[in-house]
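Numbering (the working numbering), first residue to last: 3 to 117.
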């Protein structure tokens, strides 16, 4: 089993930046795709970004967010720039054996963007 722990959330003004981190631990097999999702109050969970070596982004964050990964540290990052109020959500890290199969989830980290 893999444990995922996110950090880096917080309160930021619109136009600002934040960087989220997610550390994976436990029995991590290869390949292990890691991704970020988010869920705002009253809304469904939304895909943000994933990396399986190549990054892939949801339409709402393209050009503003960057996902990266440090395999030596089993860590995935989400650099969020030009933040908007609509980016406010709980951000979840996810991991799994293939592109769209995520078996492991973190507890989430709150990102709040004030307008």
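The beta carbon of each residue, even a glycine, is placed where N, CA and C say it ideally should be.
What is the DSSP secondary structure of residue i, counted as helix, strand or coil?
i          : result
residue 26 : strand
residue 64 : coil
residue 54 : coil
residue 72 : strand
residue 46 : coil
Do you know whose CA, among the options, lies nearest residue i's CA?
i          : options          : result
residue 46 : 92, 104, 35      : 92
residue 37 : 49, 81, 76       : 49
residue 60 : 21, 113, 82, 114 : 82
residue 12 : 3, 22, 117       : 22
What is the residue span of the beta strand (DSSP E) that residue i lies within?
i           : result
residue 8   : 4–9
residue 38  : 35–41
residue 13  : 12–15
residue 111 : 111–116
residue 98  : 91–98
residue 77  : 77–82
Within a Cβ cutoff of 7 Å, which residues of the same chain sit near residue i, ignoring the five residues on either side of it in sequence?
i           : result
residue 108 : 6, 7, 8, 24, 94, 95
Quick one: using the 10 Å Cβ neighbour count with 16 as the cut-off for buried, is residue i buried or exposed?
i           : result
residue 89  : buried
residue 17  : exposed
residue 101 : exposed
residue 31  : exposed
residue 44  : exposed
residue 87  : exposed
residue 98  : buried
residue 52  : buried
residue 40  : buried
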